[in-house]
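Comments concern the structure below.
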Amino acid sequence: MAAMRERALAIRSEGPVRPVQSLRDFEPGDQVHARLQLSSGGLFRKSVAGVDVRGDGTFVPFKGGVVREELDPTNHDTPFDLVRETLEAGAR
Numbered sequence: 024m025a026a027m028r029e030r031a032l033a034i035r036s037e038g039p040v041r042p043v044q045s046l047r048d049f050e051p052g053d054q055v056h057a058r059l060q061l062s063s064g065g066l067f068r069k070s071v072a073g074v075d076v077r078g079d080g081t082f083v084p085f086k087g088g089v090v091r092e093e094l095d096p097t098n099h100d101t102p103f104d105l106v107r108e109t110l111e112a113g114a115r
């Protein structure tokens with residue numbers, strides 16, 4: 024978890040990404056600059072959670088691998104605490 028946090032902070036320190044114009048406009052906050060995820064458990068009962076580093080530098084915690092669900096970090100000190108808690112709960 025500590026390595027994930029360090030890497031996420033390093034990515035955020037690179038600065039914001041530029042807006043992208045395609046069929047629609049994507050502002051930095053709409054873009055995922057990096058996705059960091061960890062998994063725990065066995066082959067069949069694997070728990071996956073991580074943090075998206077958005078282009079505007081915000082961290083968005085999530086759970087799930089193929090189907091991701093954003094998590095609300097409101098009651099946690101950091102999004103990384105929520106990721107750790109999610110992985111620990113999934114390993115039980």
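Residue numbers for the sequence shown follow the numbering used here, so the first one is 24 and each next one is one higher. The beta carbon of each residue, even a glycine, is placed where N, CA and C say it ideally should be.
Counted within 10 angstroms of its Cβ, other Cβ atoms place Leu105 as buried (16 or more) or exposed: By the 16-neighbour rule on beta-carbons within 10 angstroms, Leu105 is buried.
Under a three-way DSSP split, which group does Pro42 fall into? Correct three-state label for Pro42: coil.
So, at 6 angstroms on beta carbons, what are the nonlocal neighbours of Thr109 in its own chain, with the 5 sequence-adjacent residues on each side left out? Here the set comprises Ala72, Lys86.
What number of angstroms, rounded off, separates the C-alpha of Arg58 from the C-alpha of Asp75? Arg58 and Asp75 have their C-alpha atoms spaced approximately 4 angstroms apart.
Determine whether the beta carbon atoms of Ala25 and Phe82 lie at a separation below 8 angstroms. The answer is no: Cβ separation not under 8 angstroms.
Write down every uninterrupted run of the beta strand (DSSP E) in the stretch 48-83 whose length is 3 residues or greater and which is fully enclosed by it, in chain order. Entirely contained in the stretch 48-83, the beta strand (DSSP E) runs reaching 3 residues are, in chain order, 55-63, 70-77.
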